[in-house]
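Right, one structure below, let's go through it.
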Amino acid sequence: MLMAEKRGPWLQRIALVACLAALSIVYSGMKISGDITTAAAKRELPVYNVDTEEKVLSISFDAAWGSAHTEKILDILDAYDVRTTFFLVGFWAEKYPELVQEIVLRGHEIGNHSATHPHMSQLSEAQIREELRKTSDLVEHITGKPTTLFRPPYGEYNDAVVRISREEGYECVQWNVDSLDWKNRGADDMIRQCTKNTQPGDIVLFHNDSQYILDALPTILEHYTEAGYRIIPISELLLEGETWIDHRGTQHLQTAAPQPNP
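Using full-length UniProt numbering, the letters of the sequence shown correspond one by one to residues 1 to 262.
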């Protein structure tokens, strides 16, 4: 009986310690969960498309390898009175400076597509900045104009890539309509990919050296113009003033509290 009476306080102490330990684990879990939520809310996202009621969209061309179709693309764009955005890799601009000048002379804008077309998310901060600055300096030397838009090669990015590009004075831009021209499945497939669900604020991706671009582009432009869309460079599509980007990459005006990016 005496042993039972002495054991009682010890059991109570053990129970109290166990309870405190359990509470500590729960608190730690809540803190970790909160840290994860906070980190997710701070995700850096590029712009994929724009929230607008105006019937405008942008088409863009990534230029990294060949050049054979570029002048004919410019002729087609002239014929439809369309201005676009060309994202140039540094080694392409260095190899074809006369085409870089021609793109600007025809009224199109140039964006930065890196210097060497690397996987940017695998680079150090210093390497990311070097990729951006080399092409920026080169394009400005050729055209006399700075670049303000950046598109990561392969569409690959992480928080550092987006954050650093913005620190360097760029808006990081992707696309929400992919022509899939690099798959070389024919002009009809490209047309279908680009026209199946056109929405205001779309950003369309092409490559200047794709096999069927010259066959598909006129029909795609006709579809957009007949549907009442005005095609403008990406810098003109982007919203002015205070903006935020949702989890889909859609840019919105700051008219309501932004939602955290999951």
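All C-beta atoms, glycine included, are put in the ideal place defined by N, C-alpha and C.
Everything numeric in this text was worked out from a predicted model, so none of it was measured.
Three-state class that DSSP yields for residue i in the structure shown
| i | result |
| --- | --- |
| Thr37 | Residue confidence is low: Thr37 scores 37 on pLDDT, short of 50, so the model does not pin down where it sits. Its coordinate-derived value is still stated next. Reduced to three states, the DSSP call for Thr37 is helix. |
| Leu238 | coil |
| Gly66 | coil |
| Val82 | coil |
| Asp51 | coil |
| Leu45 | coil |
| Leu180 | coil |
| Glu102 | helix |
| Gly111 | strand |
| Tyr27 | Legend: pLDDT at Tyr27 = 47, less than 50; position of this residue unreliable, value from coordinates given subsequently. Tyr27 falls in the helix class under three-state DSSP. |
| Pro97 | helix |
| Gly186 | coil |
C-beta contact flag for residue i and residue j at 8 Å
| i | j | result |
| --- | --- | --- |
| Pro118 | Pro153 | yes |
| Ala68 | Val89 | no |
| Val173 | Arg192 | no |
| Gly169 | Thr148 | yes |
| Asp51 | Gly201 | yes |
| Asp159 | Glu44 | yes |
| Ile220 | Cys194 | yes |
| Leu132 | Ser165 | yes |
| Gly228 | Lys95 | no |
| His108 | Thr70 | no |
| Ile142 | Ala79 | no |
| Pro46 | Val177 | no |
Segment limits, beta strand (DSSP E) that includes residue i
| i | result |
| --- | --- |
| Ala63 | Val56 to Ala63 |
| Trp244 | Thr243 to Ile245 |
| Glu125 | Counting along the chain, Glu125 falls outside any beta strand (DSSP E), though it belongs to the alpha helix (DSSP H) covering Glu125 to Thr143. |
| His223 | Unbroken run through His223 is the alpha helix (DSSP H), Ile213 to Glu226; no beta strand (DSSP E). |
| Gln251 | Thr250 to Leu253 |
The alpha helix (DSSP H) enclosing residue i, as first and last residue numbers
| i | result |
| --- | --- |
| Thr70 | Thr70 to Ala79 |
| Gly107 | Segment: none, Gly107 is in no alpha helix (DSSP H) and carries neither H nor E. |
| Ser165 | Asp159 to Glu167 |
C-alpha gap between residue i and residue j, whole angstroms
| i | j | result |
| --- | --- | --- |
| Tyr157 | Ser121 | 5 Å |
| Leu57 | Leu105 | 22 Å |
| Asp81 | Arg185 | 27 Å |
| Ser60 | Leu217 | 12 Å |
| Asp215 | Glu222 | 12 Å |
| Gln211 | Thr255 | 43 Å |
| Ala40 | Asp62 | Interpretation of Ala40 is limited by its pLDDT of 42, a score under 50 that renders its predicted location unreliable; no figure is taken from the coordinates. |
| Ile73 | Asn208 | 8 Å |
| Ile245 | Ile110 | 23 Å |
| Ile231 | Thr250 | 18 Å |
| Phe87 | His113 | 5 Å |
| residue 309 | Pro146 | No answer is possible for residue 309: it lies beyond the span of the chain, which begins at 1 and ends at 262. |
| Ser124 | Val100 | 29 Å |
| Arg248 | Asp181 | 23 Å |
| Leu138 | Arg129 | 14 Å |
| Val204 | Leu237 | 12 Å |
| Phe91 | Gly66 | 11 Å |
| Gln199 | Asn49 | 10 Å |
| Gln127 | Glu167 | 14 Å |
| Met190 | Tyr224 | 14 Å |
| Ala187 | Gly144 | 36 Å |
Bridge partners - residue i, DSSP secondary structure assignment
| i | result |
| --- | --- |
| Arg192 | Arg192 is not bridged to any residue. |
| His207 | Asp62 |
| Phe91 | For Phe91, which the question treats as bridged, DSSP gives no partner whatsoever. |
| Asp202 | In the DSSP output, where bridge partners are listed per residue, Asp202 has none listed. |
| Ile231 | Leu57 |
| Glu171 | Leu149 |
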